[in-house]
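Each remark here refers to the structure printed beneath this line.
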Amino acid sequence: MSHLQPLAALGGLLLGGALLGGLLWWQSGLQPAAPRDDWRPPCVARLGKTYAAFGPTRAPDDRPARNLLFGVDRSGSNRELADAQLDAAVAYAATLGPESGVGVLLITDRSDRSTTPDMPFEPGEVGTRWTAAPVLCDGCKPDSLFQQKCLEQLEVAQSARVGELNAGEDARRTRLQEERAVRIHGWRDRVAGYTPKPGTSLLAFFTKLADLPPVRREPERTTVVVMSDLEASQAGERKQLDRFERAYRASGACPEASWLPKGISGLEIALVQSVRDGIDADLWARRWDAVLTCAGAHVRRHRYSAAVPLRQLLDEPAGPALALAD
Numbered sequence: 008m009s010h011l012q013p014l015a016a017l018g019g020l021l022l023g024g025a026l027l028g029g030l031l032w033w034q035s036g037l038q039p040a041a042p043r044d045d046w047r048p049p050c051v052a053r054l055g056k057t058y059a060a061f062g063p064t065r066a067p068d069d070r071p072a073r074n075l076l077f078g079v080d081r082s083g084s085n086r087e088l089a090d091a092q093l094d095a096a097v098a099y100a101a102t103l104g105p106e107s108g109v110g111v112l113l114i115t116d117r118s119d120r121s122t123t124p125d126m127p128f129e130p131g132e133v134g135t136r137w138t139a140a141p142v143l144c145d146g147c148k149p150d151s152l153f154q155q156k157c158l159e160q161l162e163v164a165q166s167a168r169v170g171e172l173n174a175g176e177d178a179r180r181t182r183l184q185e186e187r188a189v190r191i192h193g194w195r196d197r198v199a200g201y202t203p204k205p206g207t208s209l210l211a212f213f214t215k216l217a218d219l220p221p222v223r224r225e226p227e228r229t230t231v232v233v234m235s236d237l238e239a240s241q242a243g244e245r246k247q248l249d250r251f252e253r254a255y256r257a258s259g260a261c262p263e264a265s266w267l268p269k270g271i272s273g274l275e276i277a278l279v280q281s282v283r284d285g286i287d288a289d290l291w292a293r294r295w296d297a298v299l300t301c302a303g304a305h306v307r308r309h310r311y312s313a314a315v316p317l318r319q320l321l322d323e324p325a326g327p328a329l330a331l332a333d
């Protein structure tokens, strides 16, 4: 009998210890996760296969993505404003998010790209956004107090995880934008002194434009910003444009013309026109509007002003009358 009492006491201690250990183990499953690779609280391990791969949902970023191409006229007739317009195009291009493709082209007398130090087109990159997944199916309820407490912790942990993932993605995309801005400004410094040969041709520019990857592959989401006085300097081109625009106005239909730019159908083209003394700005704007519209492009016209940021100008669609008004 004397031996049974100590054994009973020892058994009680062991039982109590086991119960206390079990309680501590149960509670430990509901504690916040210790720093480790798995962001989920430890209790998730006891929720079964349903939660084995549980985590936030990943999807492509739905921010509008577009391609933006700038054409800057470096010809003699536009030389007075050419540097300011190139700076405006570069400043705008450098602020575009990485989801947008961007390129800057110099308008010259040749359609062969190898003769012009254009900025290589850089395609956009669609980002990623993370959202929290539901911790329980619609209409479902926790089947125990333990599951309820664990799912509450999981919800908090997932919210923090979504914030971390999106913050990391935002930082990555900011870095991409900054790196591209450095490349764009570096290109601007390298072409600062470039002057094309006399006789710059806008027709040749549109021929060159049609051969670019974003124009061939994604014309419906590509915008081309042409910064020029729009005056053709070559006598033959002037006559072609004059005859075409007269026939277009007389008949209200697009005349046949073998030289009409091909491959630009579906593009949005913003003509940002330099206006100076001694040029009939509205005449040249009408001519190019007719040519490009008949080539299948969607044309809008603006008047260039150094006082109006290019972003503000292009974000506000304007018709021909408003664009050329003082």
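Using my numbering, the first residue of the sequence shown is number 8, and each one after it goes up by one.
All residues carry an ideal CB built from backbone N, CA and C; glycine is no exception.
All figures in this text were calculated on a predicted structure; none of them were measured in a lab.
If you follow the alpha helix (DSSP H) that residue 290 is in, where does it begin and where does it stop?
Numbered from 1 along the sequence shown, position 283 holds the residue referred to as residue 290. From DSSP, the alpha helix (DSSP H) with residue 290 extends over 288-301.
Whose C-alpha, out of 233, 238 and 194, is nearest the C-alpha of residue 101?
To locate residue 101, count along the sequence shown from 1; it is residue 94. Nearest of 233, 238 and 194 to residue 101, Cα basis: 194.
Could you tell me whether the region 256-273 touches the region 180-199, where touching means 3 or more Cβ pairs closer than 8 Å?
In short, these stretches do not touch, since the Cβ pair count stays below three.
Taking the alpha carbon of residue 87 as the point to measure from, which residue in 134, 282 and 267 has its own alpha carbon closest?
As a first step, residue 87 must be located in the sequence shown, where it is residue number 80. For the residues 134, 282 and 267, the minimum Cα distance to residue 87 belongs to 282.
To the nearest angstrom, how far is the alpha carbon of residue 82 from that of residue 216?
Position 75 of the sequence shown holds residue 82. Position 209 of the sequence shown holds residue 216. Whole-angstrom Cα-Cα distance: 17 Å.
If I measure Cβ to Cβ from residue 254 and keep anything under 6 Å in the same chain, skipping five residues before and after, which residues do I get?
For this step, residue 254 is matched to residue 247 along the sequence shown. 262, listed in sequence order.
For the putative contact between residue 106 and residue 132, defined by C-beta atoms under 8 Å, what is the C-beta separation to the nearest angstrom?
Translated into positions along the sequence shown, residue 106 becomes position 99. Translated into positions along the sequence shown, residue 132 becomes position 125. About 7 Å separates the two Cβ atoms, so the contact holds.
Going straight from the alpha carbon of residue 148 to that of residue 173, what length do you get?
Locating residue 148 in the sequence shown gives position 141, where the first residue counts as 1. Locating residue 173 in the sequence shown gives position 166, where the first residue counts as 1. Approximately 29 Å between the Cα atoms of the pair.
Are there 16 or more other CB atoms within 10 angstroms of the CB of residue 187, so buried, or fewer, so exposed?
Indexing the sequence shown from 1 puts residue 187 at position 180. Buried is the call here.
What residues in its chain sit with their C-beta under 6 Å from that of residue 155, if we drop five residues either side in the sequence?
As a position in the sequence shown, residue 155 is number 148, starting the count at 1. Same-chain partners within the cutoff: 149.
Tell me which residue opens and which closes the beta strand (DSSP E) that residue 307 is part of.
By 1-based counting over the sequence shown, the position of residue 307 is 300. Looking at the DSSP string, the run of the beta strand (DSSP E) that includes residue 307 is 305-310.
If you run the structure through DSSP and keep just helix, strand and coil, what is residue 113?
Locating residue 113 in the sequence shown gives position 106, where the first residue counts as 1. If DSSP states are grouped into helix, strand and coil, residue 113 belongs with the strands.
Among the candidates 84, 302 and 291, whose CA atom is the shortest distance from the CA of residue 206?
Numbered from its first residue, the sequence shown carries residue 206 at position 199. Nearest C-alpha to residue 206: 84.
Answer yes or no: do residue 306 and residue 322 have a C-beta to C-beta separation smaller than 8 Å?
Within the sequence shown, the letter at position 299 stands for residue 306. Within the sequence shown, the letter at position 315 stands for residue 322. No, Cβ-Cβ distance for residue 306 and residue 322 is not below 8 Å.
At which residue ranges does the region 157-218 contain complete alpha helix (DSSP H) runs of 4 or more residues, listed in the order of the chain?
With a minimum length of 4 residues, the continuous alpha helix (DSSP H) runs that stay inside the region 157-218 are 209-216.
With a 10 Å radius around its C-beta and 16 neighbouring C-beta atoms as the bar for buried, classify residue 48 as buried or exposed.
Walking along the sequence shown from the start, residue 48 turns up at place 41. Classification of residue 48: buried, given that the 10 Å Cβ count is 16 or more.
According to the neighbour-count rule (16 or more other Cβ atoms, all chains shown, within 10 Å of its Cβ), is residue 115 buried or exposed?
Counted from its first residue, the sequence shown places residue 115 at position 108. Classification of residue 115: buried, given that the 10 Å Cβ count is 16 or more.
What's the C-alpha gap between residue 202 and residue 80?
By one-based count along the sequence shown, residue 202 stands at place 195. By one-based count along the sequence shown, residue 80 stands at place 73. When rounded, the distance between both Cα atoms is 10 Å.
Using a 10 Å radius around the Cβ and a threshold of 16 neighbouring Cβ atoms, would you call residue 210 buried or exposed?
In the sequence shown, counting from the first residue as 1, residue 210 sits at position 203. The residue is buried, with at least 16 neighbouring Cβ atoms inside 10 Å.
Just to confirm my understanding: we take residue 169, look at its own chain, exclude 5 residues before and 5 after, and list those with CB closer than 7 Å. What are they?
Translated into the one-based positions of the sequence shown, residue 169 becomes position 162. Cβ neighbours of residue 169 beyond the five flanking positions: 63, 137, 138 and 139.
I need the DSSP call for residue 145, collapsed to helix, strand or coil.
For the purposes of this step, residue 145 is taken as the residue at position 138 of the sequence shown. Residue 145: coil per DSSP, three-state reduction.
How should residue 290 be labelled, buried or exposed, when 16 other C-beta atoms within 10 angstroms of its C-beta is the threshold for buried?
Here residue 290 refers to the residue found at position 283 of the sequence shown. With fewer than 16 other Cβ atoms within 10 Å, it is exposed.
Do residue 97 and residue 192 have their C-beta atoms within less than 8 Å of each other?
Taking the first residue of the sequence shown as 1, we reach residue 97 at position 90. Taking the first residue of the sequence shown as 1, we reach residue 192 at position 185. Yes, Cβ-Cβ distance for residue 97 and residue 192 is below 8 Å.
Which residue's Cα is closest to the Cα of residue 91: 320, 318, 319 and 312?
One-based indexing of the sequence shown puts residue 91 at position 84. Ranking the options by Cα distance to residue 91, first place goes to 312.
What do you reckon, are the CB atoms on residue 286 and residue 249 nearer than 8 Å?
Residue numbering aside, residue 286 sits at position 279 when the sequence shown is read from its first letter. Residue numbering aside, residue 249 sits at position 242 when the sequence shown is read from its first letter. Cβ atoms of residue 286 and residue 249: not closer than 8 Å.
Would you mind reading off the limits of the alpha helix (DSSP H) that contains residue 102?
Position 95 of the sequence shown, counted from the first residue, corresponds to residue 102. From DSSP, the alpha helix (DSSP H) with residue 102 extends over 86-102.
Counting C-beta neighbours from all protein chains within 10 Å, is the total for residue 259 16 or more, i.e. buried, or is it exposed?
Position 252 of the sequence shown, counted from the start, is the residue given in the question as residue 259. It is exposed - the Cβ of residue 259 has fewer than 16 other Cβ atoms within 10 Å.
Mind reading off the beta-carbon distance from residue 315 to residue 276? Whole number of angstroms is fine, and I expect it under 8 Å.
Position 308 of the sequence shown, counted from the start, is the residue given in the question as residue 315. Position 269 of the sequence shown, counted from the start, is the residue given in the question as residue 276. Their Cβ separation, rounded to whole angstroms, is 19 Å, which puts residue 315 and residue 276 out of contact at 8 Å.
List the endpoints of the continuous alpha helix (DSSP H) containing residue 249.
The residue labelled residue 249 in the question sits at position 242 within the sequence shown. Counting along the chain, the alpha helix (DSSP H) containing residue 249 begins and ends at 242-258.
Can you give the Cα-Cα distance for residue 298 and residue 225, rounded to whole angstroms?
What you label residue 298 is simply residue 291 of the sequence shown in a count that begins at 1. What you label residue 225 is simply residue 218 of the sequence shown in a count that begins at 1. Taking the straight line joining both Cα atoms gives about 21 Å.
Tell me which residue opens and which closes the alpha helix (DSSP H) that residue 221 is part of.
Numbered from 1 along the sequence shown, position 214 holds the residue referred to as residue 221. From DSSP, the alpha helix (DSSP H) with residue 221 extends over 220-224.
Within a Cβ cutoff of 7 Å, which residues of the same chain sit near residue 32, ignoring the five residues on either side of it in sequence?
Start at 1 with the first residue of the sequence shown, and residue 32 comes out as number 25. Residue placement at residue 32 is flagged as unreliable, the pLDDT there being 44, under the threshold of 50; a coordinate-derived value is accordingly withheld.
If you run the structure through DSSP and keep just helix, strand and coil, what is residue 8?
As a working mapping, residue 8 is identified with position 1 in the sequence shown. Annotation note: pLDDT 49 at residue 8 (below 50); position unreliable, no value reported.
So the beta strand (DSSP E) residue 75 belongs to, where does it begin and stop?
As a first step, residue 75 must be located in the sequence shown, where it is residue number 68. That run of the beta strand (DSSP E) goes 74-80.
Please say whether residue 75 and residue 113 have beta carbons closer to each other than 8 Å?
On the sequence shown, position 106 is the one that residue 113 refers to. On the sequence shown, position 68 is the one that residue 75 refers to. Contact flag unset, no.
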